[in-house]
Structure formats: structure tokens, C-alpha cells
Amino acid sequence: MTAGTSTVEREDTGTGRDGFARLVRAEWTKFHTVRGWVIGMVAAAGVIMGLGLSPGRQGSCGQNGPDSVCALPVGPGGQEVTDNFTFVRRPLAGDGGITVRVTSLTGLLPTSGEGTRPGLVPWAKAGIIIKDGTRRGSAYAAIMVTGAHGVRMQDDYTHDTAGPPGGVSVASPRWLRLTRSGDDVSGYASSDGTHWARVGTARLAGLPATVQAGPFATSPQYTQVINQPLSTGEVSGPSQATAALDHVTLQGAWPAATWTGDETGAFSNASPLQRGGFQQTAGGFTVTGSGDIAPAVPGAAGLGTTITQTLVGTFAGLIAMVVVATMFITAEYRRGLVRTTLTASPRRGRILAAKAVVIAAVTFVTGLAGAAVVVVFGPGVLRANGVYVHATTTFTEVRLVVGTAALLAVAAVLALALGMVVRRGVIAVTAAVVVIVLPYLLAITGLPTGAARWLLRITPASAFAVQQSTPQYSQVDNVYTPVNGYFPLAPWAGFAVLCAWAALALGLAVLLFRRRDA
Amino acid sequence: MSDATIVVDGLRKRFGAAVALDGMSFTVRPGQVTGFVGPNGAGKSTTMRVILGLDAADAGSALVGGRPYRSLRRPLSQVGSLLDAGALQPSRTARNHLRWLARSQGLTDRRVDAVIERAGLRTVARRRAGGFSLGMRQRLGIAAALLGDPPVLMMDEPFNGMDPEGIVWMRGLLRSLATEGRAVLVSSHLMGELQDTADHLVVVGRGRVIADAGVAELLATASGDRVTLRTTAPPEASAVLTRAGATVATGPGAATITGLAAEKVVALLGESRIPFSEVSAHQATLEQAYLELTRDAVEFHSAAGTGASR
Amino acid sequence: MRPAGMRYALHAEWTKLRTAPGTVWLVLAVIALTVAMSAAVTAAARCPAGGCAVDAARTSLSGVELGQAVVAILAVLAIGGEYSTGMIRITLTAMPRRTIVLAAKAVVLSGIVLVAGTISVLASLLAGRLILPGPHPSLEDGSVLRATVGSVLYLVLIALLSLGTAIAVRDPATAIGIVLGLLYLFPIVIHAVSDPDWQRHLEQVGPMSAGLTVQATTHLSGLPIGPWAGLGVLATWAAAALLSAGLLLHLRDA
Numbered sequence: 027m028t029a030g031t032s033t034v035e036r037e038d039t040g041t042g043r044d045g046f047a048r049l050v051r052a053e054w055t056k057f058h059t060v061r062g063w064v065i066g067m068v069a070a071a072g073v074i075m076g077l078g079l080s081p082g083r084q085g086s087c088g089q090n091g092p093d094s095v096c097a098l099p100v101g102p103g104g105q106e107v108t109d110n111f112t113f114v115r116r117p118l119a120g121d122g123g124i125t126v127r128v129t130s131l132t133g134l135l136p137t138s139g140e141g142t143r144p145g146l147v148p149w150a151k152a153g154i155i156i157k158d159g160t161r162r163g164s165a166y167a168a169i170m171v172t173g174a175h176g177v178r179m180q181d182d183y184t185h186d187t188a189g190p191p192g193g194v195s196v197a198s199p200r201w202l203r204l205t206r207s208g209d210d211v212s213g214y215a216s217s218d219g220t221h222w223a224r225v226g227t228a229r230l231a232g233l234p235a236t237v238q239a240g241p242f243a244t245s246p247q248y249t250q251v252i253n254q255p256l257s258t259g260e261v262s263g264p265s266q267a268t269a270a271l272d273h274v275t276l277q278g279a280w281p282a283a284t285w286t287g288d289e290t291g292a293f294s295n296a297s298p299l300q301r302g303g304f305q306q307t308a309g310g311f312t313v314t315g316s317g318d319i320a321p322a323v324p325g326a327a328g329l330g331t332t333i334t335q336t337l338v339g340t341f342a343g344l345i346a347m348v349v350v351a352t353m354f355i356t357a358e359y360r361r362g363l364v365r366t367t368l369t370a371s372p373r374r375g376r377i378l379a380a381k382a383v384v385i386a387a388v389t390f391v392t393g394l395a396g397a398a399v400v401v402v403f404g405p406g407v408l409r410a411n412g413v414y415v416h417a418t419t420t421f422t423e424v425r426l427v428v429g430t431a432a433l434l435a436v437a438a439v440l441a442l443a444l445g446m447v448v449r450r451g452v453i454a455v456t457a458a459v460v461v462i463v464l465p466y467l468l469a470i471t472g473l474p475t476g477a478a479r480w481l482l483r484i485t486p487a488s489a490f491a492v493q494q495s496t497p498q499y500s501q502v503d504n505v506y507t508p509v510n511g512y513f514p515l516a517p518w519a520g521f522a523v524l525c526a527w528a529a530l531a532l533g534l535a536v537l538l539f540r541r542r543d544a
Numbered sequence: 619m620s621d622a623t624i625v626v627d628g629l630r631k632r633f634g635a636a637v638a639l640d641g642m643s644f645t646v647r648p649g650q651v652t653g654f655v656g657p658n659g660a661g662k663s664t665t666m667r668v669i670l671g672l673d674a675a676d677a678g679s680a681l682v683g684g685r686p687y688r689s690l691r692r693p694l695s696q697v698g699s700l701l702d703a704g705a706l707q708p709s710r711t712a713r714n715h716l717r718w719l720a721r722s723q724g725l726t727d728r729r730v731d732a733v734i735e736r737a738g739l740r741t742v743a744r745r746r747a748g749g750f751s752l753g754m755r756q757r758l759g760i761a762a763a764l765l766g767d768p769p770v771l772m773m774d775e776p777f778n779g780m781d782p783e784g785i786v787w788m789r790g791l792l793r794s795l796a797t798e799g800r801a802v803l804v805s806s807h808l809m810g811e812l813q814d815t816a817d818h819l820v821v822v823g824r825g826r827v828i829a830d831a832g833v834a835e836l837l838a839t840a841s842g843d844r845v846t847l848r849t850t851a852p853p854e855a856s857a858v859l860t861r862a863g864a865t866v867a868t869g870p871g872a873a874t875i876t877g878l879a880a881e882k883v884v885a886l887l888g889e890s891r892i893p894f895s896e897v898s899a900h901q902a903t904l905e906q907a908y909l910e911l912t913r914d915a916v917e918f919h920s921a922a923g924t925g926a927s928r
Numbered sequence: 195m196r197p198a199g200m201r202y203a204l205h206a207e208w209t210k211l212r213t214a215p216g217t218v219w220l221v222l223a224v225i226a227l228t229v230a231m232s233a234a235v236t237a238a239a240r241c242p243a244g245g246c247a248v249d250a251a252r253t254s255l256s257g258v259e260l261g262q263a264v265v266a267i268l269a270v271l272a273i274g275g276e277y278s279t280g281m282i283r284i285t286l287t288a289m290p291r292r293t294i295v296l297a298a299k300a301v302v303l304s305g306i307v308l309v310a311g312t313i314s315v316l317a318s319l320l321a322g323r324l325i326l327p328g329p330h331p332s333l334e335d336g337s338v339l340r341a342t343v344g345s346v347l348y349l350v351l352i353a354l355l356s357l358g359t360a361i362a363v364r365d366p367a368t369a370i371g372i373v374l375g376l377l378y379l380f381p382i383v384i385h386a387v388s389d390p391d392w393q394r395h396l397e398q399v400g401p402m403s404a405g406l407t408v409q410a411t412t413h414l415s416g417l418p419i420g421p422w423a424g425l426g427v428l429a430t431w432a433a434a435a436l437l438s439a440g441l442l443l444h445l446r447d448a
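Protein chains in written order, with our numbering: chain A, 27 to 544; chain B, 619 to 928; chain C, 195 to 448.
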């Protein structure tokens with residue numbers, strides 16, 4: 027057509043980049059004019075919201091009067107913490123220090139019945155602590171022996187430094203020393219009381235002049251995972267640790283004359299295993315405690331759940347989106363529409379790119395809407411049902427919403443690419459669902475933890491890590507499984523695994539699309 | 619064959635707001651080819667689907683050999699049909715497609731090979747049907763229709779996609795099927811395709827029958843008794859013929875005479891020794907007859923946009 | 195001549211399924227993927243000899259979780275291809291009795307899945323014997339035999355559920371999405387729901403979670419629903435799908 031004779035009106039779009047924008051607009055028109063696909067997207071958002079807001083959980087927090095309100099202390103870093111231990115203390119004014127010898131650490135574990143059995147959880151801990159008063163959640167630094175992790179220096183709940191390994195016994199005791207100098211608290215360990223090695227120094231900003239210091243003992247929740255295909259169970263319950271300490275030596279000004287025994291954060295309905303106490307012995311103490319001084323975790327070892335659980339509808343939404351994304355390409359082949367498409371724009375790689383852009387944008391926006399509603403309102407529904415939901419920062423909430431939307435978008439692109447590769451909608455949908463959803467399902471049900479974590483590192487299901495809302499702590503033994511909202515990869519690393527798979531599939535799709543006859 | 623009939627009586631059906639069938643009634647008789655013609659969206663395919671029990675009519679009945687299709691024991695031995703030649707699973711070979719159909723009627727592979735032969739598919743029978751041209755698919759569809767050796771045949775647009783050779787073959791096939799005493803219903807939206815093939819026409823528009831008559835009868839109505847005359851002496855010829863009671867319209871090169879038979883015109887011109895190069899009785903084409911009949915329906919169709927063309 | 199009609203329909207559907215080139219590959223895929231995943235899970239779940247708390251038979255048969263997806267493809271394609279090409283109209287023209295067409299498809303499909311399932315399940319058990327240290331689950335043990343036979347029947351019922359769904363929704367990709375959603379979403383949602391009563395109820399009604407209880411050979415008292423009753427739940431799902439498919443075939447324009 028020569029200019030002047032043609033009266034065809036054109037929208038002046040997409041002149042840059044050889045009209046790619048025009049191609050995207052064409053594909054978008056193709057998409058939104060098929061009613062079934064639009065319905066599919068609305069259904070996807072609906073099911074994400076529906077499952078996220080449905081009251082499928084019941085808890086007892088706040089359901090039985092004001093006493094039943096669940097609240098966790100908040101540590102100096104702003105995070106929710108556990109702060110339950112037996113504290114034998116005296117005030118320490120100004121700089122000073124305390125040295126003890128630990129000669130034994132023993133404990134009791136729950137059994138599946140009513141009884142108890144001797145044993146130590148790996149993170150049972152006893153030693154000496156310097157703490158900003160007895161308020162739960164206040165700043166502290168401590169050096170301790172543990173059930174299975176040797177000597178540790180810990181402070182302010184989240185920091186953990188390893189000292190000399192090995193357990194303690196009368197034959198091989200452990201000497202521990204904690205000294206304060208201004209805001210700095212240093213921990214030392216020794217096997218003979220003569221040769222000391224510094225384990226670490228903690229800076230506790232704003233530590234008051236007078237602090238509480240002395241021996242402590244505590245023992246966290248016992249958890250054991252029971253693996254069976256399609257049913258992963260957990261046995262959990264409180265445990266108890268008892269430590270024998272002697273050779274207590276004090277430096278500096280310790281104004282009170284006697285030791286006070288405290289069960290910081292004592293449990294109101296304590297079971298026998300949760301009771302603590304201390305006895306003064308010749309030259310020392312026997313301290314018994316239960317609980318933990320550590321970050322609070324959701325799941326078996328802790329209380330309540332996380333906001334991640336409200337996003338379970340992502341899976342249902344994902345399946346709906348995978349179906350639509352697959353049809354977006356296979357419908358071209360059903361009645362030879364692809365020939366019309368290729369006549370209109372013969373450059374095949376660009377067509378696929380335009381399709382990917384459209385489906386990614388549509389699923390991203392749909393996912394964003396669904397996830398935003400769930401993240402904003404879901405925790406409220408759970409809390410109204412008496413379920414404790416761990417607090418999350420706004421930053422994390424934004425990451426959950428954007429990450430979920432991005433996950434759905436990339437999954438849709440993966441499905442689109444698979445649809446191009448196999449050109450059969452049924453097989454493409456199944457392949458996409460099997461590679462994205464089945465690994466997750468296996469990881470939470472059938473497989474032992476090792477295999478499950480491995481699956482969530484290499485399969486497209488790794489991307490669900492973007493929904494992790496609470497960090498994992500090496501100093502807290504918990505069932506760190508996806509069910510409890512924990513993934514083996516960091517959020518965006520997991521997402522990158524899915525992106526890599528999608529890129530691979532898309533590359534293969536472009537290659538095949540170029541080579542094959544339409 | 620007394621059961622070789624299709625009787626459609628008062629069919630009504632609507633798809634949402636669109637009326638597809640609005641009291642469709644006609645009968646297809648044995649021994650002749652009945653053309654089923656009308657513009658796109660007139661309800662031809664829907665009628666055929668209702669006859670085959672694929673769609674349910676809102677009202678009215680469609681009987682094959684006196685019975686509703688869904689009650690037939692071995693339907694392909696009663697009615698052979700070709701609706702959509704593309705409706706095949708592309709990965710199956712032509713012969714295997716016919717084989718599963720034969721199994722469903724308790725027929726043998728011998729019968730399959732016989733219809734492959736008759737449809738002219740012998741050389742491609744073991745190829746994937748997905749690779750067939752449209753004309754080849756039509757032949758495969760016809761082979762399927764002939765499978766049960768049925769007394770009634772019904773084909774929707776069988777000439778679609780056929781090359782000229784194929785169209786000639788198809789016409790011959792339809793004629794011979796009728797000669798064998800079968801009732802043959804063939805739909806088309808192009809009247810020309812049915813010229814020299816159909817004995818009887820059912821013309822439909824807007825979901826109902828506009829005309830139901832023999833081809834000869836329709837042609838006569840449309841032709842009138844016009845005669846075309848080419849002569850070097852138009853004024854003289856006009857004078858002679860007008861005197862004999864005819865009306866003459868003179869055009870460039872030829873004149874059209876109404877009111878006199880061709881033989882009479884020749885005799886009169888001969889008597890008066892007026893030279894002429896041609897005297898021919900005007901033969902209306904089916905196309906013209908059809909256009910005349912369906913003018914209303916077409917106008918409606920253009921105005922209403924695309925109707926239900928199912 | 196009703197019996198003959200059914201016989202012809204069976205013969206036709208068998209020819210149709212046999213001559214669809216995908217069928218053979220899908221049957222092979224059912225076997226290969228089931229056995230491969232069973233072996234992989236068994237190897238991953240391998241525990242120190244003697245102190246094994248896992249249900250050895252159930253672990254050996256866990257490939258059914260993947261194999262069922264291919265069975266669903268097989269079933270959906272058995273009818274979905276006819277809808278996407280329009281061949282369903284030829285089928286219904288040749289066999290106007292909807293019930294007979296549906297029954298014939300169901301019987302032929304069940305037959306194929308029965309054979310593929312039996313091979314898959316027995317090969318998976320064999321793989322488990324080679325991988326696990328022992329004592330090996332034996333077919334002479336009543337519960338192991340039940341798990342084996344039940345797994346095959348489970349796959350057959352998955353095929354029927356998929357067939358019914360595919361006929362009801364007519365679009366193959368949507369049908370497989372619904373089937374996979376029904377199968378895989380229940381267990382995921384169950385794990386996200388912490389309330390034990392809710393969990394139990396969901397496990398009792400989920401087609402996969404209830405159906406696969408038929409594989410359990412240990413800790414039977416801890417199951418949310420009895421093994422055969424669980425398979426019965428899946429059978430109810432399949433029956434409901436087939437029933438709605440039959441009704442829609444009758445009521446709907448083809």
C-alpha cells in the first residue's frame with residue numbers, strides 16, 4: 027500500500043522496537059476477549075482469597091477470657107522472643123564478672139504417654155547470664171553449656187557464637203566466665219579454670235548501671251518428626267534440664283547478700299516438666315529449668331502460626347492460572363489460529379515473548395490482588411479465631427504479596443512454554459502442575475526431611491520460599507518444614523530457581539517454535 | 619424402501635436470543651437428491667444436527683424412517699451423514715477412523731475397505747487423517763457416511779474444499795446414490811453446486827422453509843417464457859413480433875421477447891424473411907431462482923449481522 | 195438387541211483408544227513414572243536396618259501419587275480429544291445412546307488402566323524389595339495384598355473420575371486442571387489447617403487423601419478413615435463425576 031491511496035487508519039503505537047508493543051497489544055486483545063480465560067483469572071483470585079480468609083483454623087488465644095490472650099515478649103531487636111528460664115540472680119553494680127564451673131547437665135524428656143524419660147534436647151542450656159533486669163524480652167548476654175552444641179555465647183536472643191565443643195561431666199567439667207565492662211559483655215570458657223579462651227563479646231547498648239546476673243538453666247520444647255508417606259507427624263512437648271554449678275567466684279560490686287531464684291516467664295499451667303527451681307549446694311547450685319531464651323518460632327517448637335499459612339490458596343490459584351496460560355498457547359494450535367498469527371507477525375520469537383509478557387502481566391496482577399487481600403485481612407481472621415499469628419514487618423508483607431504474584435506470573439510463563447513445547451493442553455497442564463505443586467506436596471507429606479529440603483532446592487517448587495515469613499534460627503530446634511513456613515532456600519533464591527526453569531522452558535519453546543512448521 | 623425418508627415437522631430451536639429454527643418442516647423422499655439450500659445461518663446445519671439427535675429441538679419432531687434418531691439400533695445402517703469433515707482426531711489413520719466406526723455398528727473390515735474404495739481413498743487409507751487436504755477429508759467423511767450402506771444419506775456442504783474433479787465425482791456419486799433408491803439430503807449455500815444434481819429443493823431462510831418444490835418447477839417459475847433474439851434487423855423483427863402479440867424489449871445486440879414461444883418466434887421470422895443469428899428460450903439458472911426466493915432472507919441476514927450459524 | 199449394542203460400542207471404543215498413537219506412550223509413562231518415583235521415594239526414605247518405622251509397603255507404592263497424573267491424562271484424552279476436534283458428534287451419530295457410549299468408554303479405559311496399574315504396582319513393590327533392607331512386605335500378608343490391589347483400583351477410579359470430569363466440562367485442559375486440583379490440593383490444604391477436627395474431616399473427603407489410605411499397612415488405627423472406606427470415598431467421587439457426565443450427555447446439545 028502506498029501512502030496517499032490508503033485510507034486505513036492506524037493507531038500510532040509501538041513504533042519503537044519494531045512494534046513489539048503492538049504485538050503485546052494484539053496478544054492482550056486475544057487474551058481478554060476469551061470469556062473463559064477472564065473467568066479463570068477471576069476464579070484464581072477468588073480461590074486465593076477464599077482459602078486465605080476461610081476460618082479453617084481454631085485456636086484458644088483470647089477465646090476464654092483475658093487470661094487466655096496470647097502474647098509473646100518482644101526482644102531488643104523488635105522480634106518476638108521466648109524468655110522462659112530459671113534465673114538464680116544477684117544485682118551487679120557497674121563493671122564486674124562472675125565465674126562458675128559446670129559439672130553436669132542432665133534432663134528429662136516427654137514420652138508419647140504421660141511419663142518422662144531421661145535425656146537432653148540438643149539446645150538445653152545452662153550457665154551464667156547478665157541481664158537487664160527480669161522483664162521478659164530484656165537485653166542479656168550469656169555463656170552456657172548445651173545439650174549437644176558445646177559451649178555457646180549468646181546475646182539478645184538472636185546472636186549465637188560457638189565456643190569449645192563437647193558436653194560436661196564431673197570428669198570433664200566446663201569453666202565459664204562472664205565479665206561486664208561498660209556496654210560490653212565478654213564470655214570466656216576453660217576446661218581447667220586456669221587457661222581461658224574468649225568465646226565472644228556482646229555489645230548491649232544502653233545496659234543500665236545495675237544489672238541482674240547469675241546462673242541459669244532452661245530447656246526448650248522437645249520435637250520429633252515422624253515420617254510416613256502422606257502423613258508427617260510431630261511428637262512434641264516440654265523438656266527439662268538440670269545443671270550442677272560450683273566454684274562460683276564474683277568480681278566487682280554485688281550489693282545483695284543472697285541469691286534470689288526466679289522462674290522468669292513461669293508457665294501458668296505448668297506440667298511437671300515445666301517446673302524449675304534451684305538448690306544451693308556446698309559451694310554452688312543445682313538449677314533446674316524449662317523453656318528457652320531464644321527467638322520465638324512458629325510451629326512445633328513454638329506457638330501459633332505465620333502469615334504464610336494464609337497463602338495456601340496460592341496452590342489452587344496456581345492450577346487455575348496454569349490451565350489458562352497453557353490454553354493461551356494451545357488454543358492457537360487447536361484450529362490453526364497460529365497460521366493467522368504468524369501471517370500477521372512472522373517473527374516467531376517475538377510472538378512467544380509477547381504472549382509471555384501478556385500472561386505474566388495478567389497473572390501477576392491477579393496474584394497481587396489475591397495475595398494482598400489475604401495478607402492484609404487473613405491474619406485478622408485467624409486472630410479472631412484465637413490463632414496466634416506471628417507478627418511480620420511491613421517489608422516482609424510486601425515481599426509476600428509481590429513474591430506470590432511474581433511466583434504465579436513465572437509459573438504461568440513456565441506453563442505457557444510447556445504448552446508451546448508439547449502443544450497438547452492436557453499434557454502441558456499436567457507437566458506444569460506436577461513439577462510445581464507435586465514436589466511441594468511430597469516435601470510436606472511423604473519424604474524424610476533431607477530429601478524434602480533437597481526437592482525444595484532444585485525443583486520449581488523452590489519458589490514457594492518467597493512466602494517464608496519468619497527466619498530460621500540455628501540455635502532453635504524446630505521442625506523447619508514448609509508446612510511450618512520454612513524453606514531451605516532464601517526467598518529470592520528459591521524464586522530464582524523457578525525463574526531458571528521458566529527461562530529454560532521458554533528457550534526450548536522459542537527454539538522449537540522457530541524450527542517447527544506451524 | 620418405505621423407511622427411506624426423513625420427516626421434519628415443525629422444528630423450533632433458539633440459542634439464547636437468536637432463533638435458529640422457526641417451524642422448520644419438510645420431507646426427504648427416496649430415490650432423489652434433495653437439495654437443502656439457504657443463506658448462511660438459515661438453520662441448515664442445526665436442522666441436520668437435530669435430525670441426528672445431536673441437538674435437542676425446543677419443539678417439533680425429526681424422524682428417520684419413522685423413528686427418532688436416538689432410538690435407532692444401528693444408526694449408520696439407517697442414515698449415513700457427513701456434518702463436519704474436519705471433526706477427526708488428526709493422529710489416527712483414515713482406515714483406523716473407519717474401523718472404529720465399523721466396530722460400533724458390528725461391521726467388518728471388509729466393509730471398511732469397500733467404502734475406502736468407493737470414496738477413492740485407497741492410496742491414502744493408511745495415512746494420518748490430520749495431514750489430509752480438505753477435499754480428502756470430505757472423501758473420508760463420505761466413506762464414513764456410506765459405511766452402513768444406509769437408505770438415507772445426509773450431507774452438510776459436501777462440495778466444500780473440493781477441486782473441480784472432486785465436484786464432478788461428488789455429483790456423480792450423489793446421482794448414483796439416488797438412482798440406487800436412497801433418499802439423499804444435501805445442504806449447500808451455493809445453488810450452482812446443486813445444478814444438474816438435485817431433483818428436489820428445500821429452500822430455507824430465517825429458520826423456516828421458503829420453498830419446497832421440484833427443480834424443474836422452480837426453474838420454470840423463475841424463467842417465465844422469455845426468448846432471446848439476435849438479429850441484424852431489430853425494428854422489422856420487433857414489428858412482426860409485436861403484431862403477433864408479443865412484447866419486445868430491444869437491448870444492445872439482443873432483444874428479449876415475452877409472450878411467444880421460441881418455436882413460434884422462429885416461424886414468424888422465417889415467414890417474414892427477417893434474418894436472425896440466434897433465437898433461444900431463456901433458461902434461468904438455479905442461482906437466479908434461488909436469489910429471487912431468498913431475497914428477503916438475505917436482506918434480513920445482512921441487516922441482522924451474523925446470526926446463529928451452527 | 196441391547197447386549198449386541200454394548201458389545202459393538204465396546205469394540206468401537208477399544209479400536210478408537212488402541213489406534214490413538216498417544217495411548218501406548220501414556221501407558222508406558224504410567225508404568226515408568228510410577229515405578230521411578232516409588233523407587234526414588236523408597237531410596238530417600240531408606241532407614242537403618244531394623245529400626246525402620248516407615249510403612250514399607252506404602253513407601254514402595256508411593257509412585258502412585260505421580261502415576262495417577264498420567265492416568266488422568268490418559269482418561270481425559272480418551273474423551274477430551276473428541277471434544278476438541280468435534281469427533282464426539284461422529285461418535286454420537288454412530289452410537290446415539292449416550293449411556294452406552296459412556297459405559298463403553300469407562301469399561302475400555304478401566305481395562306487399560308487395570309493392566310497398566312497392575313504392572314506399575316507390582317514393579318514398584320519389586321523395586322521396593324530391592325532397595326529396602328527388609329523384612330520385605332509380602333503379598334501373603336493380608337494388608338499388603340489389600341494395599342496392592344487397592345492401589346490398582348485407586349488408579350482405575352482416578353481414570354473414571356477424570357473421564358467423568360472431562361465429559362462434564364468438555365475442555366481437556368480445564369478438565370485435567372480440575373482433576374489435579376481435586377487430587378493435590380486437599381493434602382496441601384489439610385496441612386495448612388491446624389485444627390485436628392477439620393484436618394480429619396478433610397482427610398476423610400479428599401479423593402487422594404482418603405483413597406490412598408488403602409495403601410496403609412501399619413498404624414491402621416491412626417488412619418482418618420478405614421482403608422476400604424477410603425477407597426469408597428474415591429469411588430463416590432468417581433461415581434458422581436460419571437453420573438453428572440451421563441446426565442450432561444443426555445441433556446446437552448452435542
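From the three backbone atoms N, C-alpha and C, an ideal C-beta is built for every residue, glycine too.
- Straight across, the Cα-Cα distance linking residue 417(A) with residue 75(A) is about 20 Å.
- Proximity of residue 778(B) to chain C, defined by a Cβ-Cβ separation below 9 Å, is not satisfied.
- Going by DSSP, residue 277(A) is part of the beta strand (DSSP E) stretching over 266 to 279.
- Here residue 506(A) carries a coil assignment [DSSP, helix/strand/coil].
- Contact of residue 61(A) with chain C is not assigned, every C-beta pair being separated by 9 Å or more.
- Not a single C-beta of chain C is nearer than 9 Å to the C-beta of residue 801(B).
- A straight line joining the alpha-carbon of residue 438(A) with that of residue 362(C) spans about 25 Å.
- Excluding sequence positions up to five before and after residue 435(C), its CB lies within less than 6 Å of the CB of 355, 358 and 359, all in the same chain and listed in chain order.
- Residue 447(C) has a beta carbon lying within less than 9 Å of a beta carbon in chain B.
- Taking C-beta atoms as the reference points, residue 829(B) and residue 820(B) count as a pair closer than 9 Å.
- As the crow flies, the alpha-carbon of residue 283(C) is around 18 Å from that of residue 770(B).
- By the Cβ criterion, the stretch 334 to 348 of chain C is in contact with the stretch 309 to 317 of chain C, since at least three pairs of Cβ atoms, one from each stretch, lie closer than 8 Å.
- Boundaries of the beta strand (DSSP E) harbouring residue 894(B): 894 to 899, taken from the DSSP string.
- When secondary structure is reduced to three states using DSSP, residue 241(A) falls in the strand class.
- Of all residues in the stretch 335 to 365 of chain C, none places a beta-carbon less than 9 Å from a beta-carbon of chain B.
- Among the bridge pairs identified by DSSP, residue 744(B) is matched with none.
- For the options 323(A), 518(A) and 269(A), the alpha carbon positioned closest to that of residue 499(A) is the one of 323(A).
- Using a CB distance cut-off of 9 Å, residue 228(C) does not count as an interface residue toward chain A.
- A contact between stretches requires three or more CB pairs, one per stretch, nearer than 8 Å, and the stretch 657 to 677 of chain B fails this requirement with the stretch 738 to 748 of chain B.
- For residue 287(C), the nearest CB of chain B lies under 9 Å from its own CB, placing it at the interface with that chain.
- With a contact defined as Cβ atoms closer than 8 Å, residue 855(B) and residue 846(B) miss out at about 12 Å.
- Collapsing the DSSP output to three states places residue 288(A) in a strand.
- Nearest CB-CB separation between residue 352(A) and chain C: below the 9 Å threshold.
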